[in-house]
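Which chain is which? The protein sequence lines are A and B, in order. Be aware that the first sequence starts at 1, since it is given in my numbering, and climbs by one per residue. Be aware that the second sequence starts at 1, since it is given in my numbering, and climbs by one per residue. Here a beta-carbon is modelled for each residue, glycine too, at the ideal position from N, C-alpha and C. Predicted model only: the values in this text are computed from it and were never measured.
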Amino acid sequence: MNKKISQKLGVVIVGHVDHGKSTLIGRLLNDTNSLEDGKIDEIKAVCERRNVPFEWSFVLDAFQAERDQAVTIDTTQIFFSSSARDYVIIDAPGHREFLKNMISGAAQADAAVLVVDAAEGVREQTRRHAYMLHLLGMKQIAVVINKMDKVDYNPESFEAVSRECEDYLSSIGLQATFIVPIAARGGDMLESRGENLDWYKGKTLLEALDSFDVSSPPIAKPLRFPIQDVYRFEEKRILVGRVETGILRKGDRLFFSPTNEKAIVTSIESWPEDEGLVEAQARQSVGITLNEPIFVERGHVASHEKNLPMLSNVFQANIFWLSEKALKVGNTYTVRYGTSEARVSVQSIDTLVDTQDLGKQDAASEVPKNAVAEVTLRARDTLPIDPHKDNDKLGRVVIYDGYDVVGGGLLNMDGYPDQRSASAPKSENIYKVSHAVTPEMRAEVFGHYGGVFWLTGLSGSGKSTLAVAVEKEIFARGKNIYVLDGDNVRHGLNADLGFSPEDRTENIRRIGEVAALQANAGIIVLSAFISPYQQDRDRARTAAPHHFHEIYVKADLATCEGRDPKGLYKKARSGEIKEFTGIDSPYEPPVNPDLVVDTEGNDIETCVKQIVDYIEANVQAGKVESKEEKIRVLK
Amino acid sequence: MTQHLDDLEARSIYIIREAYARINPMAMLWSIGKDSTAMLWLVRKAFFGRVPFPLVLLDTGMEMDEVYDFRDRLTKEWDLDVINHMCPPEEDMDQTLPPATRAAMRKTEGLKTLLEEHKFKGVVCGIRRDEQGLRAKERVFSPRSLDGSWDFKDQPPEFWDQYKTEFPEGCHVRIHPILHWTEVDIWKYTQAENIPLCDLYFARDGMRYRSLGEKNITKPVPSHASNIEEIIHELETTKTSERAGRAMDKETEDSFEKLRSQGYM
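Here's what the structure looks like:
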């Protein structure tokens with residue numbers, strides 16, 4: 001048999017449009033004898049029909065539109081072999097608007113070839129693509145200076161363009177492993193050396209590629225086993241997933257994040273059954289069983305207790321943006337990484353990078369299409385996170401907006417504390433130690449759970465009106481509900497507070513704490529305060545972390561001012577009232593509300609029903625998430 | 001198995017489990033050929049011997065007898081849930097299409113009626129990138145509009161094993177778990193795992209089928225490879241295209257493109 005390396009090396013070919021990527025690939029396939037019989041004749045015929053000279057790129061440009069317009073529309077993959085190993089060539093189109101295809105291609109590659117025209121040198125997409133290689137963490141890069149025939153195979157031209165490339169690459173922290181002069185059309189220095197470039201003594205392109213390595217499974221890294229699904233059949237409950245890094249062994253004590261649950265691996269499951277299976281390594285898709293029926297679901301990450309992922313609800317990401325709709329501060333997106341999924345809002349755009357001149361702009365308000373930026377994202381829940389420098393598989397996120405993939409980025413946790421110690425265990429223990437009556441027991445007696453339903457919105461948006469109507473309706477259904485509003489709080493509990501920013505904050509802090517206590521006692525609390533600052537509302541959520549619901553009662557300033565039920569806006573405009581929210585004091589709309597009630601576009605009945613339905617759905621006594629529910633029963 | 005086959009298998013299982021976690025209801029197209037049978041094996045590995053969604057044969061009534069026999073045998077042996085879905089007749093196809101393309105079009109139309117009847121949101125499909133230039137450009141999760149058409153000019157980005165798994169009402173997604181395998185990979189895996197196969201792949205009287213399609217539009221190719229070992233050896237030296245025996249690919253320059261953009265597998 002042959003001594004070939006059996007794993008295929010993925011090589012992405014990038015570079016400016018018309019610098020000759022497709023020609024290089026077509027020629028490489030031909031010279032390595034990798035084209036199927038008749039392919040050359042087929043392309044000759046196609047070219048004759050179109051009245052164009054023989055075009056190597058037609059090997060790759062399979063779509064009629066691609067051949068007609070002589071551009072590659074989508075990333076494609078072609079298999080070929082050298083005498084040393086098998087390859088998958090990933091062609092990445094050079095057109096600027098096709099950056100997403102370049103990403104789709106380059107993200108799968110082990111190595112990259114950056115094609116630069118000897119006559120034109122480094123151009124816009126050369127820079128942009130090189131920058132993306134840097135962002136994707138590419139380490140093995142061969143630069144080819146193509147079309148040497150156009151500069152009479154002149155070594156000085158090669159030197160000049162090489163230097164230009166090296167300068168740019170080093171400015172973004174990349175280094176070319178090889179720089180090879182080639183003339184793809186004639187095949188010089190691809191597979192064979194040809195006769196025109198005798199002065200060049202280095203490797204041919206194919207020799208350069210043969211010297212690159214296929215990435216090996218990251219088994220030396222700390223174990224990360226993100227749970228993909230939980231299956232049940234017969235008597236077994238199997239957690240399935242792919243070991244992303246490290247090694248998982250039978251008998252290992254696993255620690256699950258973010259739940260802090262622990263259990264021991266009792267078996268590694270396979271089909272056909274293999275009793276002797278005692279370990280699973282990085283890259284393997286496996287199933288395991290545990291010694292205890294702890295609560296585990298998709299998105300939880302198993303690791304060893306010694307080397308845990310961080311827990312955080314804030315993180316920074318170096319992102320590239322692919323959508324026509326710019327990323328904006330305050331917008332909400334979904335991120336996915338490993339098997340986790342989370343809603344995040346953009347807290348800030350810290351720097352916007354121009355991949356052309358590497359100019360950096362601080363504190364931008366949006367990230368346009370094809371741009372690169374450093375952003376801070378905030379999730380509602382704490383998530384298990386590995387920074388990209390520690391774990392290149394899990395330390396990267398793909399960003400979704402609605403149905404669509406709109407961007408991606410690498411996670412950076414520099415300067416963010418691990419929130420593990422501060423979160424879960426504390427509140428859990430307090431419950432267990434100090435209360436003999438659990439929330440479940442209360443729910444059984446009262447017929448529902450307690451909860452804090454926090455209405456926020458401008459004065460005149462309709463909070464009080466809605467709160468009163470909702471209270472009446474829910475109470476009529478036999479549930480214990482109580483409205484907290486300015487009238488019953490300002491006169492007693494907070495009689496000592498005024499309306500300065502400090503006093504407003506303290507006002508909300510106290511209300512948050514009271515609401516949390518009432519909710520713990522099993523009462524449905526409906527609070528109706530402007531509560532203009534996100535930070536204050538976030539603190540109120542912290543007081544009741546398990547059952548806090550932020551409800552945004554939405555109406556714009558003009559509408560509220562038009563309603564002005566208590567005549568307050570008029571007084572604020574005339575200066576009679578100072579620091580009135582919306583007039584001379586800011587209102588921060590919720591970045592990530594649990595429910596939005598639009599009182600501008602809907603009548604009162606609709607809004608009341610919306611809130612009532614939402615409350616009902618979240619306080620149901622039987623509602624405690626059944627642990628069986630998320631398990632898939634395989635028949 | 002080699003590390004290479006292990007990696008291919010693990011990746012396919014991951015994709016299959018992702019589809020099952022995200023898309024519901026879904027089905028898998030089982031054409032009874034070597035690729036979709038190897039894929040069925042991967043599904044059984046992913047779910048520990050079970051197949052938690054129906055298999056579908058888009059039946060034109062024109063499959064070869066050996067193919068039907070093989071279907072019946074495996075259905076029984078592996079206790080499979082198979083929907084045998086009849087495709088609309090050839091008379092209903094666009095008569096301006098060349099004959100083989102028209103015949104292949106029946107599967108496209110059959111898939112449409114299948115989706116209408118069963119409301120599947122996802123269809124697992126055993127195509128590979130090395131088969132054909134257009135399939136080389138596919139995504140692992142490839143969204144289709146209501147009429148099944150493929151918008152190849154505007155495919156979604158796909159990277160880092162995160163897929164597009166949510167769609168507006170009425171759309172469906174094709175899931176391609178073995179897109180990254182080559183023909184030789186399939187044969188090496190079939191051999192390593194001892195996966196059963198239809199006999200037509202093995203040479204008889206100097207001919208064998210390299211790819212199985214309907215009997216009216218598929219021809220055997222010259223070969224003396226009568227077992228898997230010999231087939232692998234043949235493939236490592238041949239320069240003939242795998243789909244050389246499939247008439248519909250080559251009737252006109254863009255016949256396969258037309259088929260695929262309208263929803264062919």
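Euclidean distance between Cα positions of residue i and residue j
{"i": "B/Trp181", "j": "A/Pro226", "result": "25 Å"}
{"i": "A/Val437", "j": "A/Lys369", "result": "54 Å"}
{"i": "A/Ile179", "j": "A/Arg128", "result": "19 Å"}
{"i": "A/Leu174", "j": "A/His134", "result": "6 Å"}
{"i": "A/Ser211", "j": "A/Thr204", "result": "11 Å"}
{"i": "A/Glu279", "j": "A/Glu244", "result": "14 Å"}
{"i": "A/Asn30", "j": "B/Asp59", "result": "39 Å"}
{"i": "A/Ile430", "j": "A/Glu502", "result": "Low local confidence applies: a pLDDT of 38 at A/Ile430 is under 50, so the model's placement there is unreliable, with the coordinate-based value given in what follows. Answer to the nearest angstrom: the Cα atoms are 30 Å apart."}
{"i": "A/Arg283", "j": "B/Met265", "result": "29 Å"}
{"i": "B/Glu230", "j": "B/Lys239", "result": "16 Å"}
{"i": "B/Phe48", "j": "A/Ser270", "result": "6 Å"}
{"i": "B/Pro168", "j": "A/Phe320", "result": "25 Å"}
{"i": "A/Val624", "j": "A/Glu471", "result": "No answer about A/Val624 holds up, because its pLDDT of 42 lies below 50 and its placement is not dependable."}
{"i": "A/Ile636", "j": "A/Gly567", "result": "This structure cannot speak to residue 636 of chain A, because chain A is shown only from 1 to 635."}
{"i": "A/Arg336", "j": "B/Ser142", "result": "18 Å"}
{"i": "A/Glu600", "j": "A/Thr606", "result": "11 Å"}
{"i": "A/Ile399", "j": "A/Glu341", "result": "10 Å"}
{"i": "A/Val433", "j": "A/Glu440", "result": "Summary for A/Val433: the model assigns pLDDT 39, below 50, so the residue's position carries little reliability, and this model does not support an answer."}
{"i": "B/Phe53", "j": "B/Val140", "result": "19 Å"}
{"i": "A/Ser330", "j": "A/Val406", "result": "According to the sequence as given, residue 330 of chain A is Gly; it is not Ser. If I take the Cα positions, the gap works out to 16 Å."}
{"i": "A/Gly409", "j": "A/Asn313", "result": "16 Å"}
{"i": "A/Ser459", "j": "A/Pro545", "result": "26 Å"}
Interface residues of chain A facing residue i [CB-CB closer than 8 Å]
{"i": "B/Asp151", "result": "Those within 8 Å of B/Asp151 in chain A number zero; the least Cβ separation is about 11 Å."}
{"i": "B/Ala104", "result": "Here the premise fails: no neighbours, minimum Cβ distance about 17 Å."}
Contacts of residue i in chain A (Cβ-Cβ under 7 Å)
{"i": "B/Gly49", "result": "Trp271"}
{"i": "B/Lys45", "result": "Trp271"}
{"i": "B/Ile13", "result": "Ser285"}
{"i": "B/Pro168", "result": "Tyr403"}
{"i": "B/Asp130", "result": "Phe79"}
{"i": "B/Thr240", "result": "Glu36, Asp37"}
{"i": "B/Thr182", "result": "Phe79"}
Residue i: contacting residues in chain B (beta-carbon distance under 7 Å)
{"i": "A/Arg396", "result": "Trp160"}
{"i": "A/Arg298", "result": "Ala21"}
Within 8 Å, strictly: CB atoms of residue i and residue j
{"i": "B/Ala244", "j": "B/Val221", "result": "yes"}
{"i": "B/Thr101", "j": "B/Glu251", "result": "yes"}
{"i": "A/Ile25", "j": "A/Val46", "result": "no"}
{"i": "A/Val608", "j": "A/Ala469", "result": "yes"}
{"i": "A/Gln108", "j": "A/Ile89", "result": "no"}
{"i": "A/Arg185", "j": "A/Thr376", "result": "no"}
{"i": "A/Ala176", "j": "A/Ala142", "result": "yes"}
{"i": "B/Phe266", "j": "B/Lys137", "result": "The structure shown has nothing for residue 266 of chain B, since chain B only spans 1 to 265."}
{"i": "B/Phe120", "j": "B/Ala46", "result": "no"}
{"i": "A/Ile264", "j": "A/Arg253", "result": "yes"}
{"i": "A/Val301", "j": "A/Phe256", "result": "yes"}
{"i": "A/Thr339", "j": "A/Gln228", "result": "yes"}
{"i": "A/Gly450", "j": "A/Gly512", "result": "no"}
{"i": "B/Val56", "j": "B/Leu29", "result": "yes"}
{"i": "B/Tyr163", "j": "B/Lys34", "result": "no"}
Beta-carbon neighbours of residue i, restricted to chain B and to distances below 8 Å
{"i": "A/Arg336", "result": "Gln162"}
{"i": "A/Tyr233", "result": "Residue 233 of chain A is actually Phe in this sequence, not Tyr. Correct list: Phe48, Arg50."}
Near-chain B residues of the stretch 256-283 of chain A - C-beta to any C-beta below 7 Å: Against chain B - using a Cβ distance shorter than 7 Å - the residues of the stretch 256-283 of chain A are Glu269, Trp271, Arg283.
Runs of 3 residues minimum, wholly inside the stretch 115-168 of chain A: which ones carry the beta strand (DSSP E) assignment? Complete beta strand (DSSP E) runs here, min 3: 141-146.
For the stretch 488-530 of chain A, which segments carrying the alpha helix (DSSP H) assignment without a break, of at least 4 residues, lie completely within its bounds, in sequence order? Complete alpha helix (DSSP H) runs here, min 4: 501-520.
Start-end ranges of the alpha helix (DSSP H) lying completely within the stretch 80-146 of chain B, minimum 4 residues: Within the stretch 80-146 of chain B, the complete alpha helix (DSSP H) runs of at least 4 residues are 99-118.
Unbroken stretches of the alpha helix (DSSP H), 4 residues or longer, contained in the stretch 164-246 of chain B: Within the stretch 164-246 of chain B, the runs of alpha helix (DSSP H) at least 4 residues long that lie entirely inside it are, in chain order, 183-193, 228-237.
The stretch 26-54 of chain A: positions lying closer than 9 Å to chain B by Cβ: Answer set for the stretch 26-54 of chain A: Asn33, Ser34, Leu35, Glu36, Asp37, Gly38, Lys39, Glu42, Ala45, Val46, Arg49.
What beta strand (DSSP E) runs, 3 residues minimum, are completely inside the stretch 222-310 of chain A? Complete beta strand (DSSP E) runs here, min 3: 225-233, 236-242, 247-249, 253-257, 261-269, 279-281, 285-290, 301-304.
Alpha helix (DSSP H) runs contained entirely in the stretch 534-558 of chain A, provided each spans 4 or more residues: If only complete runs of 4 or more residues are kept, the stretch 534-558 of chain A shows the alpha helix (DSSP H) at 534-543, in order along the chain.
Members of the stretch 371-393 of chain A that neighbour chain B once the beta carbon cut-off is set at 7 Å: Going along the stretch 371-393 of chain A in chain order, one finds no residue with a Cβ nearer than 7 Å to chain B.
Along the stretch 357-368 of chain A, what residues have a CB closer than 8 Å to any CB found in chain B? Near chain B, meaning a CB-to-CB distance below 8 Å, no residue of the stretch 357-368 of chain A qualifies.
Uninterrupted beta strand (DSSP E) stretches inside the stretch 324-390 of chain A (no shorter than 3 residues): Correct list: 332-337, 340-353, 360-362, 372-385.
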